[in-house]
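First up is the structure itself, then whatever we jot down about it.
Protein chains in written order, with my numbering: chain Z, 1 to 254; chain C, 255 to 504.
Quick look at the structure:
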């Protein structure tokens with residue numbers, strides 16, 4: 001925050017241009033085999049070609065849809081279940097230790113199990129994304145609802161808030177910072193699980209596209225896919241950071 | 255655990271799973287008892303221990319490469335705000351690339367085996383480690399840096415003697431988090447592509463219709479993650495205590 005916003009805005013495109021130039025120099029120098037490192041121009045051409053032909057666009061859209069739908073469902077489920085667990089001391093005593101036990105399990109380890117149980121369907125891929133990305137949102141929500149300022153809880157008791165009202169008017173605003181950062185983490189996981197699910201199940205999408213591009217040594221297409229995935233990750237995160245700032249503006253006032 | 259209520263849910267889940275598994279045992283689903291037997295068999299036959307070692311080797315190797323590059327780079331960025339400004343945008347563009355997206359590229363360059371997995375784990379641990387080290391170093395007391403300047407220390411000297419020790423507590427936390435990431439990424443790479451380790455064992459068990467072995471792998475992967483985290487937490491506490499002793503003595 002020390003450097004001004006405008007300086008950053010000025011430097012960012014310059015340094016990105018320098019990155020592309022560096023990439024160009026390395027790719028054309030012959031130092032790295034061309035089969036492994038496509039030049040930025042080749043990657044750009046592959047991007048344009050893929051989008052005019054339409055196949056890359058469809059793959060991008062299906063990956064985006066799978067990621068976004070899975071993430072939204074996971075966030076919704078995580079917030080509802082997390083609120084319930086976070087608000088009720090009893091529910092916490094029963095459920096929280098089990099959740100802690102399941103947390104270290106990599107989300108991708110669920111994919112083979114889901115393939116065994118459900119088969120290679122689009123629904124399976126979505127379900128895996130939901131299951132994999134629900135944990136950060138869920139655990140963050142539990143944490144947020146659990147640490148409510150005791151005085152606020154007392155106020156609610158004096159006003160004789162019903163439970164639902166307490167959850168919505170005091171619990172939710174209190175948990176919002178945790179929920180939002182949990183959702184941001186969930187989005188990262190959702191993209192990762194989407195790619196893994198696509199690679200394993202062969203469902204159409206960018207994961208499958210880059211795997212096939214790599215297998216047939218089509219480096220430009222591979223880098224085009226990597227650029228798109230990087231953009232998806234960057235934009236998703238940036239959108240959520242902006243949303244976070246807007247939704248949490250009220251907190252910085254006091 | 256003193257609270258018995260914590261055990262209720264896992265026990266109920268296991269019972270339901272056991273009954274469901276026995277009623278409809280198929281090529282794709284098995285009860286936990288069968289998974290346990292199959293897990294014990296896999297341990298005795300050496301399959302599971304070897305796979306565990308392969309996965310841990312790839313995770314730790316990739317982590318060492320990634321963190322080994324990221325800690326000095328992050329320290330430089332934290333110390334030199336101008337360099338940080340210049341490299342901020344490229345870092346923010348490269349960082350969000352999901353590490354699993356590099357599987358096809360790494361496969362193309364290295365082929366199957368340890369190296370391609372190490373490369374991806376190194377990429378995955380490099381970025382969080384870089385960013386966390388950068389903020390840990392940037393958070394070091396400016397007074398210390400002034401002391402370094404007054405003593406006319408060189409940059410490398412300042413980093414090694416002043417900055418890294420001061421930033422160490424936060425760097426240790428970052429190392430623990432990143433080693434956890436490394437294990438998850440290693441298993442994921444094995445599941446998606448690389449024919450070795452626990453992740454591959456899991457996929458092969460599923461594809462050869464051995465649901466009991468598959469579930470044993472899933473549970474074991476969770477246990478390894480849990481144990482690794484617990485070990486790192488106690489290592490972190492140990493380091494903190496030692497540092498505390500040194501601070502008191504000097």
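Don't be surprised by glycine CBs; every beta carbon is placed ideally from N, CA and C.
Taking 9 Å as the threshold, the shortest C-beta distance from residue 257 (chain C) to chain Z falls below it.
A direct Cα-Cα distance of roughly 55 Å separates residue 422 (chain C) from residue 277 (chain C). The alpha-carbon separation between residue 53 (chain Z) and residue 224 (chain Z) amounts to approximately 14 Å. Interface residue (Cβ-Cβ distance to chain C less than 9 Å): residue 43 (chain Z) is not classified as such.
The DSSP-derived three-state label of residue 126 (chain Z) is helix. When the beta-carbon positions are compared, residue 445 (chain C) and residue 111 (chain Z) come within less than 9 Å of each other. Residue environment analysis places residue 13 (chain Z) among the exposed positions, since fewer than 16 neighbouring C-beta atoms fall within 10 angstroms of its C-beta. For residue 402 (chain C), same chain residues with a beta-carbon under 6 Å away, outside a window of 5 residues either side, are 412 and 416 in chain order. The CB of residue 97 (chain Z) comes closer than 9 Å to the CB of 255, 257, 259, 260, 261, 263 and 264 in chain C, given here in chain order. At least 9 Å separates the beta-carbon of residue 240 (chain Z) from that of residue 191 (chain Z). Residue 471 (chain C) counts as buried, since no fewer than 16 other beta carbons sit within 10 angstroms of its beta carbon.
Between the stretch 314 to 332 of chain C and the stretch 380 to 392 of chain C, the count of C-beta pairs closer than 8 Å reaches three or more; the two stretches touch. Shortest Cα-Cα distance from residue 38 (chain Z) to any of Z:55, Z:20 and Z:51 involves Z:20. Among the residues facing chain Z, residue 410 (chain C) is not included, as its CB has no counterpart in that chain under 9 Å away. Counting along the chain, residue 450 (chain C) sits inside no alpha helix (DSSP H), nor does DSSP assign it H or E at all. Contact of residue 237 (chain Z) with chain C by beta-carbon distance below 7 Å involves 350. Under the Cβ distance rule, residue 460 (chain C) counts among the residues neighbouring chain Z, one pair being separated by less than 9 Å. Under the three-state reduction of DSSP output, residue 364 (chain C) falls in the helix class. Proximity to residue 45 (chain Z) across Z:219, Z:229 and Z:245 peaks at Z:219, based on C-alpha coordinates. Setting aside the 5 residues that flank it on each side, residue 92 (chain Z) is surrounded in the same chain by 85, 86, 142 and 146, each with a C-beta closer than 8 Å to its C-beta; the list follows chain order.
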